[in-house]
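Q:
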Amino acid sequence: MKTARLLSAAVTLGLAGCGIEGTTSYFGPDSLIARADDAGDGTGAIPDGAAALAILPDGCQIWLIDNGVEGYATPRLSRSGRQICNDRYPPGAVLGRYDWSNAGGEDGVFRRAAAR
Numbered sequence: 269m270k271t272a273r274l275l276s277a278a279v280t281l282g283l284a285g286c287g288i289e290g291t292t293s294y295f296g297p298d299s300l301i302a303r304a305d306d307a308g309d310g311t312g313a314i315p316d317g318a319a320a321l322a323i324l325p326d327g328c329q330i331w332l333i334d335n336g337v338e339g340y341a342t343p344r345l346s347r348s349g350r351q352i353c354n355d356r357y358p359p360g361a362v363l364g365r366y367d368w369s370n371a372g373g374e375d376g377v378f379r380r381a382a383a384r
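When the letters of the sequence shown are read in order and numbered with our numbering, they come out as residues 269 to 384.
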């Protein structure tokens, strides 16, 4: 009985850390808020027209949406079909709301590796 309780507590504690290890709260324009891999099922609904504008390190702009489990990004294109790139905003800036309350969880951002 005692072993079962300890095992149950260990599993619960282990699962509590899933998905948040290596993350921290959003702290400004230098926060990394997206990675190029898929780690969820994307069950939350995203409102129409609800994308934010994010600025990449090269100054190019992308549309950004996050439903809490998965995030989506696509290049912002001009009418001619070229990606919009300029220095109007600093790299890493996110303009507008990219996450939604119906997402089912709070977002975290990736911790930067310590400088060597």
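Note that CB positions come from ideal geometry on N, CA and C, so glycine has one too.
This one's a predicted model, so the numbers in the text were calculated from it and none came from an experiment.
From Leu321 to Ala341, what does the alpha carbon distance come to, in whole angstroms?
A: On the sequence shown, position 53 is the one that residue 321 refers to. On the sequence shown, position 73 is the one that residue 341 refers to. Approximately 9 Å between the Cα atoms of the pair.
Q: Suppose you measure from the CA of Asp334 to the CA of Gln351; what does that come to, to the nearest Å?
A: Here the question's residue 334 lines up with position 66 in the sequence shown. Here the question's residue 351 lines up with position 83 in the sequence shown. Spanning the two alpha carbons is a distance of roughly 21 Å.
Q: So, at 7 Å on beta carbons, what are the nonlocal neighbours of Gly327 in its own chain, with the 5 sequence-adjacent residues on each side left out?
A: Here residue 327 corresponds to residue number 59 of the sequence shown, with the count starting at 1. Closer than 7 Å at Cβ, skipping near neighbours: Cys353, Asn354, Asp355 and Pro359.
Q: Rounded to a whole number of angstroms, what is the C-alpha to C-alpha distance between Gly349 and Tyr357?
A: As a working mapping, residue 349 is identified with position 81 in the sequence shown. As a working mapping, residue 357 is identified with position 89 in the sequence shown. Near 21 Å, if we compare the C-alpha coordinates of Tyr357 and Gly349.
Q: Roughly how many whole angstroms lie between the Cα atoms of Leu324 and Ser346?
A: By 1-based counting over the sequence shown, the position of residue 324 is 56. By 1-based counting over the sequence shown, the position of residue 346 is 78. So the alpha carbons of these two residues sit roughly 16 Å apart.
Q: Which residues does DSSP pair with Tyr357 in a beta bridge?
A: Looking up residue 357 in the sequence shown gives position 89. Looking at the DSSP output, Tyr357 bridges to nothing.
Q: Buried or exposed: which applies to Leu363, given that a residue is buried once 16 or more other Cβ atoms fall within 10 Å of its Cβ?
A: The residue given as residue 363 occupies position 95 in the sequence shown. Counting Cβ neighbours within 10 Å, Leu363 comes out exposed, since fewer than 16 surround it.
Q: For Ile333, report the span of its beta strand (DSSP E) as first-last.
A: To locate residue 333, count along the sequence shown from 1; it is residue 65. Counting along the chain, the beta strand (DSSP E) containing Ile333 begins and ends at Gln329 to Asp334.
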